[in-house]
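First the structure, in the form of structure tokens, and then the observations on it.
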Amino acid sequence: MTARLLLPLLAACAAAPDMPAATAEDLSLATSIGPQSFMHGTISAAQPHFAYAVRGSAGEVIAADVWPTGKSPLQPWLLLFGPRRPDGHRAVLAHGQPRNSEPRHLAIDNFHLPETAGCLLIVGGDGGQFTLRFWMQSSHLPRQDAWQVDLTAAPSAAMVAATHAHENGAPWTDAEVGSLSAGIEQEQDLRVAFSDAHLLLWFLAQGGSADQIARARRATAQVVGAPQHFRSLERTMQAFALFTLEGLFFTTAAAEAPPSIEEQIARLIATWPGAREDASLRRVRTRSFEGALYGWQVDYAAEQRDLDGKQVWLDLSTEWFDSRTAWLGESSAGAGEPDD
2 MTARLLLPLL
12 AACAAAPDMP
22 AATAEDLSLA
32 TSIGPQSFMH
42 GTISAAQPHF
52 AYAVRGSAGE
62 VIAADVWPTG
72 KSPLQPWLLL
82 FGPRRPDGHR
92 AVLAHGQPRN
102 SEPRHLAIDN
112 FHLPETAGCL
122 LIVGGDGGQF
132 TLRFWMQSSH
142 LPRQDAWQVD
152 LTAAPSAAMV
162 AATHAHENGA
172 PWTDAEVGSL
182 SAGIEQEQDL
192 RVAFSDAHLL
202 LWFLAQGGSA
212 DQIARARRAT
222 AQVVGAPQHF
232 RSLERTMQAF
242 ALFTLEGLFF
252 TTAAAEAPPS
262 IEEQIARLIA
272 TWPGAREDAS
282 LRRVRTRSFE
292 GALYGWQVDY
302 AAEQRDLDGK
312 QVWLDLSTEW
322 FDSRTAWLGE
332 SSAGAGEPDD
């Protein structure tokens with residue numbers, strides 16, 4: 002940055018309220034930083050601070066934190082400046098504060114942007130390497146939004162009423178189980194049918210008779226169908242059933258991932274530049290019924306690390322695949338801080 006920006010910036014670090022804007026230099030010289038990402042830099046006499054441009058909508062919640070990297074002695078500071086005002090100044094919106102009583106780890110947490118505009122994050126200090134991490138609530142990177150599986154249950158009114166009636170452990174009658182099972186068999190909405198099957202089988206597992214459990218499983222089997230029929234269902238409904246009916250209808254077993262599943266996981270991780278898998282967190286499970294394979298569930302973790310090997314971001318994902326290993330979808334909250 003030029004001296005024209007440096008002088009007012011140093012004044013801001015000394016608690017001055019505003020930073021004058023020098024034409025468009027502050028943004029043209031700033032590096033854009035996107036959500037759920039991080040950057041490294043080295044503070045020196047030649048470059049005593051770094052500027053990062055961030056953009057968001059009014060009310061957007063953001064967080065940024067900075068810490069020394071590479072065994073650096075750096076004592077960093079962190080400032081957030083708002084959009085440029087008509088008088089050419091930028092107000093200081095927030096100052097980085099020590100996180101978790103660590104004086105050299107500074108954070109601006111849960112800050113609500115006051116308006117839709119460009120802001121500046123400025124990192125400075127007394128010399129050394131740093132890592133800057135930036136998060137936005139509206140972003141869910143690196144998850145595949147178009148392939149997210151909605152895991153929200155939608156039980157029928159009859160099932161909701163029945164579960165309320167049995168919350169205190171009251172025994173189930175054969176008539177109740179028969180009526181609810183028939184409802185599952187006749188239900189046209191698969192989300193409702195699988196939700197009802199899950200609840201009925203779960204409650205019966207707590208105290209139903211063997212005959213009642215068998216009746217509920219027959220109803221579920223009618224909706225699920227044979228593997229070929231199950232593969233014909235809409236992909237997210239297959240994933241919803243594989244998740245919802247685990248252990249209640251489908252049996253599960255640990256397995257080695259077939260090559261096609263390994264390749265898909267690798268492709269997903271590759272969409273997040275610089276990420277790698279934490280192999281210790283990989284879990285691969287099959288879903289079967291009466292010996293027939295219906296699908297796969299894979300839980301894995303992708304991570305990004307800084308120059309010191311410190312984990313900066315962690316993305317925990319669950320992926321589902323059909324019995325022929327075609328990808329059905331995933332469930333992921335997106336990257337988060339490992340200590341969240």
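Heads up: the sequence shown begins at 2 in the working numbering, then just goes up one per residue.
Even for Gly, the Cβ is constructed at its ideal location relative to N, Cα and C.
Identity of the residues DSSP links to D300 by a beta bridge = DSSP output for D300 lists R284 and T319 as bridge partner(s).
query = Counting pairs of beta carbons, one from the region 122-134 and one from the region 73-81, are three or more of them closer than 8 angstroms?
reply = Because the criterion of three Cβ pairs below 8 angstroms is met, the region 122-134 and the region 73-81 touch.
key: Cβ pair T319, Q298 closer than 8 angstroms   = In contact: T319 and Q298 (Cβ atoms closer than 8 angstroms).
key: beta-carbon V178 near the ligand ATP non-hydrogen atom, thresh 7 angstroms   = Questions concerning the ligand ATP fall outside what the structure shown contains, since it holds no ligand whatsoever.
key: the region 252-267 touching the region 285-296, judged by at least three CB pairs closer than 8 angstroms   = Counting Cβ pairs under 8 angstroms, three or more are found: they touch.
query = Can you list, in chain order, the residues of its chain whose CB lies under 6 angstroms from that of L94, leaving out five sequence neighbours each side?
reply = Excluding positions up to five away in sequence, the list reads L81 and G83.
ask   = If you follow the beta strand (DSSP E) that A108 is part of, which residue opens it and which one closes it?
value = Here the beta strand (DSSP E) through A108 covers E103 to H113.
query = With C-beta atoms as the reference, is W321 less than 8 angstroms away from L246?
reply = Inclusion of W321 and L246 in the CB contact set at 8 angstroms is not warranted, their separation being larger than that value.
key: Inter-stretch contact at 8 angstroms, needing at least 3 Cβ pairs: the region 99-113 / the region 147-155   = Contact fails: fewer than three Cβ-Cβ distances are below 8 angstroms.
query = Are Q130 and T70 touching if we call contact CB-CB under 8 angstroms?
reply = It is a contact, given that the beta carbons lie within the stated cut-off.
key: Rounded C-alpha distance that separates I262 from T326   = Approximately 6 angstroms, taken between the alpha carbons.
Rounded Cβ spacing between F135 and F51 (contact assumed at less than 8 angstroms) = That pair is no contact at about 12 angstroms.
request  = Could you work out which residue in A194, R144, S102 and S140 is closest to A158 when comparing CA atoms only?
outcome  = Per the Cα distances, A194.
query = Between which two residues does the alpha helix (DSSP H) harbouring A206 extend?
reply = If you look at A206, you'll find it in the alpha helix (DSSP H) that goes L191 to A206.
message = At the level of alpha carbons, what is the spacing between I185 and P156?
response = CA-CA distance, I185 to P156, rounds to 10 angstroms.
task = Output yes or no for whether 8 angstroms exceeds the beta carbon distance between G292 and L142.
result = It is not a contact, given that the beta carbons lie outside the stated cut-off.
task = Would you mind stating whether A217 and L202 have Cβ atoms separated by less than 8 angstroms?
result = Going by C-beta atoms, A217 is nearer than 8 angstroms to L202.
key: Collapsed DSSP secondary structure at P77 in the structure displayed   = The answer is coil: DSSP assigns P77 none of H, G, I, E or B.
inquiry  = If you reduce the DSSP assignment to three classes, tell me which class G330 lands in.
reply    = Strand at G330.
ask   = From V67 to T132, what distance separates their C-alpha atoms?
value = Cα-Cα distance, rounded: 6 angstroms.
ask   = Out of F112, P87 and V161, which has the shortest C-alpha to C-alpha gap to E98?
value = One point to set straight first is that residue 98 is Gln, not Glu, in the sequence displayed. The candidate whose alpha carbon is nearest that of Q98 is F112.
request  = Name, in chain order, the residues that DSSP records as bridge partners for Q149.
outcome  = E331, per the DSSP bridge assignment.
message = Which runs of the beta strand (DSSP E) at least 3 residues long sit entirely within the region 23-59? Give them in chain order.
response = Runs found: 38-44 and 50-57.
key: Range of the contiguous beta strand (DSSP E) that encloses F135   = Where F135 is concerned, the enclosing beta strand (DSSP E) starts and stops at G129 to M137.
request  = Reducing DSSP to helix, strand and coil, say where S289 ends up.
outcome  = Strand.
Residue from S102, R56, G128 and I270 whose Cα sits closest to the Cα of S73 = It is G128.
ask   = Is it the case that the Cβ atoms of A302 and L294 are separated by a distance below 8 angstroms?
value = Between A302 and L294, the C-beta spacing is not below 8 angstroms.
inquiry  = For V62 and R85, I'd like the C-alpha separation in whole angstroms.
reply    = Rounded to the nearest angstrom, the two C-alpha atoms are 20 angstroms apart.
ask   = Where does G125 sit, in a helix, a strand or coil, going by DSSP?
value = Three-state DSSP puts G125 in a strand.
ask   = Would DSSP call D175 helix, strand or coil?
value = Annotated three-state conformation of D175 is helix, per DSSP.
ask   = With 16 as the cutoff for other CB atoms within 10 Å, does P36 come out buried or exposed?
value = Classification for P36: buried.
inquiry  = By the three-class DSSP mapping on this structure, what secondary structure does H96 have?
reply    = Strand, per DSSP.
key: Close beta carbons around S182, own chain, < 8 angstroms, minus the five adjacent residues each side   = Exclusion of the five residues before and after S182 leaves L201, R216, A217, R219 and A220 as the residues of its chain whose Cβ lies within less than 8 angstroms of its Cβ.
message = Distance check for Q229 and R144, CA to CA, integer angstroms please.
response = Cα to Cα, R144 sits roughly 29 angstroms from Q229.
message = Quick check: the Cα distance between R175 and D323, rounded to an integer number of angstroms?
response = The residue asked about is misnamed: residue 175 is Asp in this sequence, not Arg. Cα-Cα distance, rounded: 34 angstroms.
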